[in-house]
Structures are given as C-alpha cells and as structure tokens.
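Protein chains in written order, with our numbering: chain E, 34 to 413; chain F, 8 to 919.
Ideal Cβ positions, reconstructed from N, Cα and C, are used throughout, including at glycine.
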Amino acid sequence: MRLLHTSDWQIGKCFAFLGTEGREILRDARLEAISRIGRLARQGGASAVLVAGDVYDVATPSDQTLRQPIERMRAFPDLAWHLIPGNHDPHSAGGPWERLARAGLPDNVRAHLTPEPAPIGDGTAWIIPAPLTRRHAAGDPTQTMDAACTPDGAIRVGLAHGSLRSFGSDGSTTHNLIAPDRAETAGLAYLALGDWHGAQSFGPRSWYSGTPEPDGFDLGGGGGGEVLLVTIDGPRALPAVERHRVGGFLWRREAATLHGVTDIDVLETRLRGLHPDLHRVLVSLKVEGTLSLAGRQTFNQRIAQELRGALRLLRIDDAGLRAEPTAADLAAIDHAGFVRDAAERLSAMAANPAEPRHDLAAAALQRLYSLQFRHEERAP
Amino acid sequence: MKLRALEIEQVRKFGGPVRLGEFADGINVLCGPNEFGKSTLLAAIRGVLFERYASKAESVRRMGHARGGSSPRIALTFDTGRGRHRIEKRFLHREPYARLTLPDGHRIEGDHAEEALQALLGFRAAKQGAKPEDAGVWSALWVTQRSSVEQPDWSSEPARTTLQACLEAEIGAVTGGERGQGILREVLDGLALLQDKRGQPKGRLKEVDDLLASADADLLRLADKHRALASDIAELQRCGRMLAHINDADEAAKLDADLANARSRRDAVLRYEDAYRQAEMALRLAEAAHAALAAEAARRGQRRRDLHTARLLAERIAEADAAARTALAAADAEAGTAGATLCAAERAADAASGRLRQARRDAELAAKAGELAAATERLVQAEAAQARVNELSGERASFGADGDGMAAMREAALGLAHARAVLDAQATSVLLDLQPEAQGRVLVDGAPAPSELRAVAEVALDIAGIGRILIRPAIRDRDALLSDIAAAERRLAAALGAIGATDERDAERRHVQRVQCERRLDDARRDLAMHAPGDPARGLAAGAGALRNHVAVLRRQLEHELAERGMPAPPPPTDAEADMRAALAADAEASAALGPARAAVACCRERTDRCAREAARTAAERRTAEAEAGRLQREIAEVTSGESDAALACRETEAARDVLAKRDARALVERARPEDTLAGMDARITRLEQAIGGRRETLQKLQRESAVRQSRIEQEEASGLAEQIAALESRREELARERALLLREVAVLELLRDTLGEAERAAKERYLAPITRRLTPYLQGLFPSASVQCDETFRISGVLRDGAASEDFSRLSDGTQEQIAILSRLAFADMLMEGGRPAMIILDDALAFADRDRMERMFDLLTEAARRVQILVLTCRADVFDRLGGHRLTLEEMAGRDAAPGNGRPALPQLF
C-alpha cells in the first residue's frame, strides 16, 4: 500500500516580520501546500494521507482558520486524510478538535482523538494513533502503541507527534518524548512522526516528514518544504520512502566575508542565483569582514537596498562587518575643515574596541560618508 | 598705511584751500573745539579715497561747500609699503578728475586712478556713493563719531575676504564651513523626524512607541480573555459533572419518600397535641370554677371583718370631733379679749400723735419769730451802712480829681514846663552882680533887679542915675515858642477846669482827698455787704432793699399763721421746745404699747383658725366612717339574702372533686405522646423540600450557566484568541525590532550631531585663534588675566575676567564696550599689517565713556600700538587728550590755487 506522510502544517501561523502583504502570502502558501499534497498523493497513487500533528499553529484558531484546511481536504474526496492533534493543537477542552467534532468533518477526513487503532482503506493497514491531549505531555505519547490490538496480518502504521529521545533532543526537553525503538517494540511497519520541521529518518521505519512549507531558517533535516511518499508492501516489510518537495518558498541562511567590492559582487551574484523568482526567497544573511566606507556604501546600496527589494525577506546580521575608513574615504568626506575633523574623531572612536560606542561611531561615520555624497549630489 | 598730508578746498565749511599735516608715524592728534571741522576732515579722507570722482551721489554732494555751488577738491598724501602716493580728486566740477601719483612719480588719471587705488587699499568701487560696506577694512578700522561703542563690522565683503585671507595665510586654508553646515542641518533634520527639541519621541518613533503600548494593552486584554476562556472551559466541565449528579433518578426518589414519611409523622404529632390541648383546657376550666367559689367564701369573711373595724373607727372619730369643738370655743373667747386691748392702745397712740403735731407747729412758729427778729436787726444796720455809702459817694464826687482828670492835668503841666524850658534854653542870661549899695538903683522892667535875669523878651534895665539899658534877646522862632507856651497853658487851664481845680497844687490836694474818701466808701460797702448778704439758696439778693423785702415777707407770714391759730403772739421758744420734748416722749410710749397688743391679737386669730380646721376635719371623718359601716352592712345583707354561706360551701366541695377528675383525664392523654416533635418534623420537611427544590433550581441554573459558558466559549473560539495573541505577539516583536532600529538611528544621529558640533567648535577656535591671540594682550592691558571669545563673524561675543563665567559683550557697560571695541581694532590692524595689508586707525571723538584710570591705560595701549600702526585721533577734549602725547596736527591755509570766485575765506578755526 502507499501512503503520503506529512506533518506540521501549522495553519494560521503568523509571520509578522514580513509585513501585511508578506504575512498573508506565507499564510496562504501553507494552505496551498495542502492542495499540492493532495495532488501529489493522487499522482503517487497514495490512498491516504497521514498528518502527524500540528495541523493548526495554535490551540484556539479562528473559525476561518479552523475551516480552511478542512475545506482544502474536502476537495480531495478520493483521499482519506488521517489527522492527529499535536503539541500546537492538542485535543483539550475547547480545543480545535472539539470544535471540529461539534461542527462535523467531511467523510474523507478523520481526526484520531483517542489512541484507538483504526483501519486505513480496506483494512490492509491499521493506523495506531498517538494523539496529544496537552501541549506538554509528561510521558511517551506512543507508549500505548505496543499493546494496541490490530487484526493479524495487518500492516501497523504508527502516527505520532513528539521528539524521539536522543534524536535532536538537547536534554532540556522532557515532554512528548518518544522512545527511539517504538517502531520495533510496537511492531510497526512505519512510524509517521511530526514535530520536527525538516524531513529526517531515524532508522528505516521512523520518519519525520517535516513541514510542507518552510517557516524558518533553521528547520534542520531537509530544511522543510517536503512530504514523504511511503510504500509498504507487508507488515514487516521495510517501507520505501520517497521525498518530494512541495514548498513554495525558499528560506536560506547565507553567510559571506567581505573585504572589498569584489566580494560584494560575488555575494550579490550568489544571492541573485538562489531562485529564479527571488520573491519566493527569504534570506538571513550574516556578513563579516572589513569594508572601507566606500565599500560599505556599495554594500548598502546593492545588497541592503536593491537586493532587499528583490527578495521576499532579507535579514542582515552585520555585527561582524567592520568599517575601516581609508584615506580616500576620509578625503571623500572632506580634505579639511570640521567635517573632516568629525570624520577622524568618529573613525578613531570606531577603531577603539574599548570605546563603548564604537559600533555607533562606525555607523555614524558611515552615515556621514553617505550624507556627504548626498550633499554633493544636491549641491549645484 | 600712513597718512602724510591732507589738502582740502571748498569742502563743507572750508572754502579756501587748507592743509592738514604733516602727519607723523604713530599717534597723530587733532584737537579742536566743536564745529572746528574735524568730522569734515575725516569725511574728506573718506571721500578722496572711496568716492568716485565723477559721482554725483548724495554723499558726494554733501561734501560741497556750505554755500553751495562749489566743487570740492581733496588731495591726500599717504605712504604704503610701496612708497608715497598722492591721490587728488575734484568733485562736482564740470571737469572732475582723479589723479593718483605713484611712488615713482608716475601719475594715473581718471578711472584708472580709481581702480589702482582700489587695488592698492582693498576696497570696492562705489556705485551710488560710497557706503561703509564698500570701504573694506577701513570702515571697520575707522571709528566715526557716535559709533565708537560698536564693534568693527567684518561681515560684508571685501572686509571679510581680506580678513579671512589674513587668517588663512596664518593658519592655512579653512574649508568645510558651508558644506559642514549643510550636513549638520541634514543630521538635525533627520533627528528632528524622530525626536522633538526636548528629546521626546516624535514621528515614526512615537508612532512605534504608541503602537507598542497599544499592542501591550491589547495583549493584556487578550490574555485576560484567554484566561476567561480557560476559566469558562473549566467551569463548563464542572457544570457537566454536577448536572450528571443532579440527574441521578434514585437520589430524587429517595428524597420524595423521605419527605412523605416526614409529613406523615408530623400529622401524628399534630393530632396528639390537639388532644392534649383539649384535656388541658377542661382541667383549667374546672380549676377556675373551684377557685371562684373559694374566692367568694373568702370575700364574705373579709367583708364581716371590715364591718367590725369600720364601726370601731367611727366611734373614735366622734370623740375627737367633740374635743375639737371645745378647743375652738376657748380660742374665740381669748381672741375677743386681745381685740379690746388693741383698740385701747390704738386710741392712746392717736392722742399722742395729735399732741406731737401741735408741739411741732408751735416750735416752727417760735423759730419764724426768731428769724424775723434777727432779720429786722440786720436790716437796721444795713440801712445805716447804706446811708454811709450814699454820703461818701456824694463826697467823692465833690472832689472831682479822679484818676483820668489828674493824668490829663499832669500831662498838660508837663507840656507847659517843656515849652517853657525850650524857650528858656534860648533865653539871654544876664547876671547882675550888683554892689550892695547899688541894690535898688537898678530896676528891671521897673522891678528890683534879680541876681540873674533870663530874658526872652525885651527887658528894660533902668539904672538909676545911669539910664536905661534895653536888652533884646535874639531868639530864633521866639514867637512860635511863645505860641507853644500859650497853647500849653491853655491845655493846663482846661485840664484844671475839668477837675475843678484852680492850679496844680489845688488839683493834687483834691486828688488826695478823693482817694481818702474812696477808702472810707469801700469800708461802708463792706459793712453793707456784711449785714445784707445775698442768699441764693433762699432767693435773697444782696443789699438793704432785698433784706427789707425779706423782713416784710417774714412778718406777713408770721402774722398770718398767728391769725390762723388765733394766737396773739408766738410762744416763747423755750416753751415751745419743752412742749415738743414732752409730746415726743408721750408718742414714743404709746407706740411701744401698740406692738404687743397687735401681736396678741394675731396669735389668738391663728389659734382660732387652727381649732376651726381641726373641728371641720374630724366632722368629715366621722361622716365617712359612718357611711363605710353602713355600706358594708348593706352588702352583707344583700349577699346572704341570695345564697347562704352553707350552700356556698357545698358548691365548693363539688367543684374540688371535678378538678381531680379532669387532671386524671389529662394524664391519660399524655401517656399516648409520640417520640417526634413538631419542630423537628417541620425542619426535616423544610430541609427535604428545599433539597428537592434546590435540585431543580440548581439543575436550571447549571443548564443556564452551561449554555452561557458554551455560548461564550464558542464565541471566543470563533474569534481565535490564541491566533490573535500569536499574531499580536508577532506584531509586537516586529514593532520592538523597529523601535530598536529607530533608537539606534537616533543614537547614530545624535553621535554624529555631537561630533560635528564638537569639531565645528574646535575649528572655530582654531580659526579665530590669531584674532584672540592679538587681542588678548591689549585686553589684559585693560583687564589683567582677561580673555575674549569671538564668534565666526569676528565679533567679540564674550569676555572672561578673573576666572568668572563668560560675560556677554552686549551686557558690558558702554565704556567697557567702547574700550574693547577700540582695542579689537588695534588687534585687527596688527593682524592686517602683519599679513602685508595696509591698515591704520582713525578715532573720531572716541573714548567718550572712559574714566581717568581707563583713559590712562587706553593711552598706554594706543601708544604701544602706535609703534606699529599709525593712529589718527580727532578730539574736542584737549585737556584730556593732552596726556596722550603723540604728534599734534595743525591746519594751515594754503596759497589759493583753484579758489572759487566769490567764496570768502573764513579765518581758520582755532585749534586748542
């Protein structure tokens, strides 16, 4: 049989740092991903889609947010969508699942709100869900899978949300921890996991699909934007897992060391080559190195201004980029006079690490440099 | 530059050509009184240098001679570093000219001369008359009248350029000013977008602050709503559990059964209590009937005892009544006796009073007779005194020589003596010392000759045997003197006539007699006053007449009273006095007897009243006791006639038996008493009813509450609280990031502003250093340890003295401002000359506000500066400026060259 494994849709997630327009675009992109998943499942011959938790970003979404993914799934009546509550949308009193239960779900959508096993399709495979009833469960939500009863010969497929112990957990996380050998102890042919946003496997049977639409720069694994098409031939057969990219946006963390205009040229070329459509790219750029005032002016103009306009988002961390005014820079500001004197004072302050305002001084010097140019441009 | 000589002709008050000079190096002083023409000379220097020769501007026309129609000619000889020059111009002439003679003797004419002069001295060509700003540094260095307090103005071109060139030559090129200001303005503009003048957020920064505050408030509100939602959910679950419990049917049935059982047991208790109440009531009725019969028997016994007691009391009261009547009769008899005694005493007292009144009238009559006799006696003496007074008054009048008449007479006699003495003083004195044998042979006016003769008129001296000698004294105004004597004699005769005297001696004798008479008259008047004094208390005036009237009145009164009493004469006083004393004693005795009699009567009356009251009381008590005994007797008879005492006793025994029977019946009922109490059963029923009702109420309440909470939960769920909170938190983070960026922008701009400002201040200080360096020694010559601050227009903005805070220049006194302004000119002149530029100082009527000490110091400083720069001082205060020293300039007439016809040449004004 063939299944499509996805998770962490987090519908309703807010991207305030993008502004109103960008926020709406990325919110819509997460809904669009559902349709793309449905189409991919059809194309890939999957009869069911397993969503391993965190369908919603928050426990109390608005009615519109609550209904939007349901309606997307309703549009694929030939597919059975199996959902479980995750840590973002646990099944608790007043939670989204209770509201959905009250309102009713389409026939092709099933929310597994208890750990009761349920057949998938004709019963060849049985899903053993591990729904979360609270954001932070103290125990292993998959513990009941070991004793879950399914018909003999049925393919047991686990569906859970949480962190595998020793898998990326840093020790500080003590909730929703899943035993790493759960697939073996519970006799699972496949354990479909959610919570981590980058696609990863842990052993041949335990997989995180990651979020279908990336929502950050450090998602781990494949970086997000993927779903898994899983083929299981028998109860103990190893699953064949295909990774498919469905994400519409590219989130990239980039770094560069700059020492001159040439480096800036290279960086610009690299960033412009990330995607044919730069409006679908979000970049977190960390720059280091040393630039003259003229170089920094170029960087500001070509990267911080022009390229920022091209990208959906450009976040620049330039704490490591030092300004090193050259004689030509200072001469460009002025040959003499008090402006030149001020430039030299700021330059000395910026070059002195013991000076508490050295970074402000560097910025002020850069500003003075650009103001000088602007003033000259305006002068007749 | 050093001036050497000035020639002028037809300039203002100067007609013919005059020459000022020769100027020396250093200080040149031109002293002259007001209207000497000093300012004209200074105007001429300005005119020949800065006015164009062909100009007809107002400033040029003002240079013309006072009478008009002139064409001023001015020539100035001066030295520069290149040598001696001479510029000569004629203005307002049909052929005006300008001639500049160079050190080499070469002469340039017309416009070329003007241009060469401008280049040489660094000023700007004047278009419509030379203005101060055209004159370059000269306008700043030359102090005109009334402007010495003002600082030199370097703001206009070419003065500023010249000065800047000097500064730049000294400190190097100074750039960046305007561009720097532009950048600084942009920085300030940028800063002004984000914060106001007080450093408060503005523009987008304020918007972000407000949005953040709003977001925080919204987050708090949403958090509250979220908590309320969680509470609603928890409460809804609790309601659900309680509803399940209330809907338990078994529990409801058990409650109903318990209620029915409680009600049944309550009915049983009610029945028992009803039966017990009836038995109790019957017992109470029997006991009441028995008690009523017993009471009746007791009342009958008591009534008989009361009758006996009433009778005994009536008897005792009758006895007391009889005793009271007896006592009343005795008291009445005693009162009659006392009344008779009192009547006798009263009659005796009346008789004594009558005698006393009679005695008093007799005594008064005797006293009046005595008074009349005394008055009569005084009247006799008074009338004698009055007669003496009258007699002496007449005698006094006969002497006539009163004080006024005597004074007039004495004055007239004195006047006559004086007149005679005047004549006598001029009389011719003739001494006749005759031999004894010649006595009688010599006659004067026929009389024997005296030993001395004072002749005032012709005197004939007959000498027997010899002849007659006529002596005619020569007395000036003799007739007038004689007339005076005659007038005086008339006045004396009149005065003597007025007082009735024949001569002065008679007058004096009369006067003495009159005085003696007046003394006797005074004695007689005193006697009169003594015998007939006035008595205002009795309305009696002083004098014999009044006394006479008084005596008449007294006599009439006495006669009237005697007639009234029928007495022939008043009783002797001694008899009247004895009668009076006897009557008084009798009256006192009668009055003493009256008191005890009255007291006895009052005492008897009181006792009679008391006895009467006692008798009335006992009579009333006797009647009451007799009535009470009668009433009791009637009641006993009435009761016993209805039912006898035996029948009553029988009925009482029967009633006692009935009481015992009813008590047994109640005990029988009490033995069937149930265990429950009515209150206990009522409480149980109430409790069970409330429990059943409460379940219904609680059920309804829980259902309502569940519905409300469910509705509220659904409403809040629909709005997506968590989603809103997440969105808001995200928005808040975005705003916080923007705020951090804006604050960094502010910090960057502030740092840039501050750094530019500091650099600009430092640059200005460097730029102005050459000026302050040169000015400071001058200033310290006036104020030790002082220093100055200059602004970018080269004006002194502040002065620091004695380590105190900077003083604003404009707040200094006029004198100090003037002195510092002059010193600054010396400093600028030094700097210009060191920079190879021409410079000299002219001070017209300056140092007007300096005190003596400051003036001395200023003179020292001017002298010191004059070692390097030529200074021309124009002043009208020769006495003060004598101490300045320097070269004294003189104004000399020149031989006429181009004297205008008809222009008179007034004498040159005098120099001090």
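Residue i, DSSP secondary structure in three states
| i | result |
| --- | --- |
| L195/F | helix |
| L36/E | strand |
| K134/F | coil |
| H115/E | strand |
| Y223/E | strand |
| T182/F | Residue confidence is low: T182/F scores 48 on pLDDT, short of 50, so the model does not pin down where it sits. Its coordinate-derived value is still stated next. Note: T182/F maps to coil in three-state DSSP. |
| A250/E | Going by the sequence as given, residue 250/E is Phe instead of Ala. Coil. |
| N556/F | helix |
| E157/F | coil |
| G90/F | strand |
| T323/E | strand |
| H121/E | coil |
| W130/E | helix |
| G204/E | Summary for G204/E: the model assigns pLDDT 48, below 50, so the residue's position carries little reliability; its value from the coordinates is reported in the next sentence. Reduced to three states, the DSSP call for G204/E is coil. |
| P777/F | helix |
Where residue i falls, given that 16 or more other Cβ within 10 Å makes a residue buried
| i | result |
| --- | --- |
| S239/E | buried |
| R53/F | buried |
| V560/F | exposed |
| C173/F | buried |
| A914/F | Residue confidence for A914/F is low, a pLDDT of 47 falling below 50, so the modelled location carries little weight; the figure read from the coordinates is stated next. Counting Cβ neighbours within 10 Å, A914/F comes out exposed, since fewer than 16 surround it. |
| R329/E | buried |
| C38/F | buried |
| N397/F | exposed |
| C657/F | exposed |
| G911/F | Confidence is the limiting factor: at G911/F the pLDDT is only 42, short of 50, which leaves the residue's position unreliable, though a coordinate-based value still follows. Answer is exposed; the Cβ neighbour count stays below 16. |
| K96/F | buried |
| R537/F | The amino acid occupying residue 537/F in the given sequence is Met; Arg does not appear at that position. Per the 10 Å Cβ criterion, exposed. |
| E741/F | buried |
Whether residue i touches residue j by CB criterion (8 Å)
| i | j | result |
| --- | --- | --- |
| M862/F | L868/F | no |
| A352/F | A595/F | no |
| T615/F | A342/F | yes |
| T87/F | P845/F | yes |
| G191/E | R215/E | yes |
| G45/E | D87/E | no |
| C930/F | I827/F | It is not possible to answer for residue 930/F, since the shown part of chain F is limited to 8 through 919. |
| V25/F | A51/F | no |
| T218/E | A212/E | yes |
| E301/E | I336/E | yes |
| L83/E | P118/E | no |
| T625/F | A327/F | yes |
Rounded Cβ spacing between residue i and residue j (contact assumed at less than 8 Å)
| i | j | result |
| --- | --- | --- |
| R276/E | L261/E | 6 Å |
| R702/F | A222/F | Actually they do not touch by this definition, with Cβ atoms about 49 Å apart. |
| M106/E | N141/E | 7 Å |
| V150/F | I849/F | 7 Å |
| A193/E | A85/E | 7 Å |
DSSP bridge partner residues for residue i (one or two, in chain order)
| i | result |
| --- | --- |
| Q233/E | Y241/E |
| Q202/F | P208/F |
| N141/E | DSSP, once it has assigned bridges, lists no residue as partnering N141/E. |
| C38/F | T882/F |
| D452/F | Answer is none; D452/F lacks a bridge partner. |
| G805/F | Q796/F, D815/F |
| H100/F | DSSP, once it has assigned bridges, lists no residue as partnering H100/F. |
Any non-hydrogen atom of the ligand ZN closer than 7 Å to residue i Cβ
| i | result |
| --- | --- |
| S62/F | The model depicted lacks the ligand ZN and carries no ligand whatsoever. |
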